[in-house]
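FYI, full-length UniProt numbering numbers position 136 of the sequence shown as 136, with every residue one higher than the one before it.
For every residue, glycine included, the Cβ atom is placed at its ideal position computed from N, Cα and C.
All figures in this text were calculated on a predicted structure; none of them were measured in a lab.
These notes concern the structure reproduced below.
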Amino acid sequence: MKNIEKVKLYILSLAILFFIVIIMTFKIPKESFPICDFSNSKTLVCFENYFEYLKALIKCNLLPSLMVILLIVCVKIKKDFNYMLSGGAGASIRVCEVKSEDYEHLTFLATYIIPFFGFTFNEPQKLLAYFVLLIVIGFIFVRTDKYYANPTLALFGFKLYKANLSDQNRIYESVIIISKDIIEPNTSIRYKLISDNVFFAKKI
1 MKNIEKVKLY ILSLAILFFI VIIMTFKIPK ESFPICDFSN SKTLVCFENY FEYLKALIKC
61 NLLPSLMVIL LIVCVKIKKD FNYMLSGGAG ASIRVCEVKS EDYEHLTFLA TYIIPFFGFT
121 FNEPQKLLAY FVLLIVIGFI FVRTDKYYAN PTLALFGFKL YKANLSDQNR IYESVIIISK
181 DIIEPNTSIR YKLISDNVFF AKKI
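What follows is the structure in structure tokens.
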């Protein structure tokens, strides 16, 4: 998997943070605008009032608006990830040993996402510091190949496993399996290699 794809999955992993920031920072404009009754008002004036209210809403919610855009980007990344897996799993391989690694999702949340809930987002300097921090975390995320520890994928039903696999040619030790199925030892799966030690798998 190319680094750009890992960066995309990192952005996807922040979708929960983007949503929470929207909830924490959304504001209602202080300005008041007359409510139109289309039955006795000019339509053009009504639309102008609504347009002005929309501008005021966006003006006082620049950060939430950015978060909405990033959530839309996350939807696109999720579609790209599904497309990457759409070819399905190919060759079969046997599962020798396997254990759940789903705690990695919680570890990522507890380490990188939940601490942001205690932050404030009303000062430009703090926002810049948060942005730099997210870039540093993303750099670590990509360099350490932790892109699979993605809480957003967990919300879509993907499970994580660490397993030893074997086929006729070799044994694969301590590989990571991403799957929507429950993987058990001494069973066969079909797999698709995502990166050097990460497999997407389906039960046979």
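Which same chain residues end up closer than 6 Å to residue 266 when comparing Cβ atoms and leaving out the 5 residues on each side of it in sequence? Outside the modelled stretch of the chain, which goes from 1 to 204, sits residue 266, for which no answer is possible.
Please identify the residue among L134, M1 and V198 whose C-alpha is closest to the C-alpha of P115. As a working note, residue 115 is residue 115 in the sequence shown. Sorting L134, M1 and V198 by C-alpha distance to the C-alpha of P115 places L134 at the top.
For I58, collect the residues of the same chain with a Cβ closer than 8 Å to its Cβ; drop the 5 residues on either side in sequence, then sort them by chain order. Stepping through the sequence shown from its first residue, residue 58 is reached at position 58. Cβ within range, chain order: S65.
Would you kindly check if the distance between the Cβ of K55 and the Cβ of Y147 is under 7 Å? By one-based count along the sequence shown, residue 147 stands at place 147. By one-based count along the sequence shown, residue 55 stands at place 55. Against a cut-off of 7 Å, the Cβ pair of K55 and Y147 comes out as no contact.
Neighbourhood of N186 by C-beta distance below 8 Å, restricted to the same chain and skipping five residues each side: Here residue 186 corresponds to residue number 186 of the sequence shown, with the count starting at 1. Excluding five sequence positions before and after N186, the CB atoms of its chain that fall closer than 8 Å to its own CB belong to R94, V95 and C96, given in chain order.
Just to confirm, is the Cβ distance from F158 to I189 under 7 Å? Translated into the one-based positions of the sequence shown, residue 158 becomes position 158. Translated into the one-based positions of the sequence shown, residue 189 becomes position 189. Against a cut-off of 7 Å, the Cβ pair of I189 and F158 comes out as no contact.
How close, in whole Å, do the beta carbons of M24 and F121 come, if the pair is a contact with beta carbons under 8 Å? Stepping through the sequence shown from its first residue, residue 24 is reached at position 24. Stepping through the sequence shown from its first residue, residue 121 is reached at position 121. Rounded, the Cβ-Cβ distance is 7 Å, consistent with contact.
Straight-line Cα distance separating L71 from F18: Working through the sequence shown from its first residue, we reach residue 18 at position 18. Working through the sequence shown from its first residue, we reach residue 71 at position 71. So the alpha carbons of these two residues sit roughly 7 Å apart.
Assign C74 to one of three DSSP states: helix, strand, or coil. Here residue 74 corresponds to residue number 74 of the sequence shown, with the count starting at 1. DSSP, read as helix, strand or coil, puts C74 in helix.
Looking only at its own chain, which residues have a Cβ that is under 8 Å from the Cβ of F119, when we skip the five neighbours before and after it? Translated into positions along the sequence shown, residue 119 becomes position 119. Here the set comprises K126 and Y130.
For E184 and F26, what's the separation of their Cα atoms in angstroms? By 1-based counting over the sequence shown, the position of residue 184 is 184. By 1-based counting over the sequence shown, the position of residue 26 is 26. Cα-Cα distance, rounded: 45 Å.
With respect to 6 Å, is the separation between the Cβ of K78 and the closest non-hydrogen atom of the ligand NAP below this value? Within the structure as shown, the ligand NAP is missing, as the structure has no ligands at all.
Between S92 and I204, which are expected to be in contact by the criterion C-beta below 8 Å, what is the C-beta distance as a whole number of angstroms? Against the sequence shown, residue 92 aligns to sequence position 92. Against the sequence shown, residue 204 aligns to sequence position 204. So it is a contact: roughly 6 Å between Cβ atoms.
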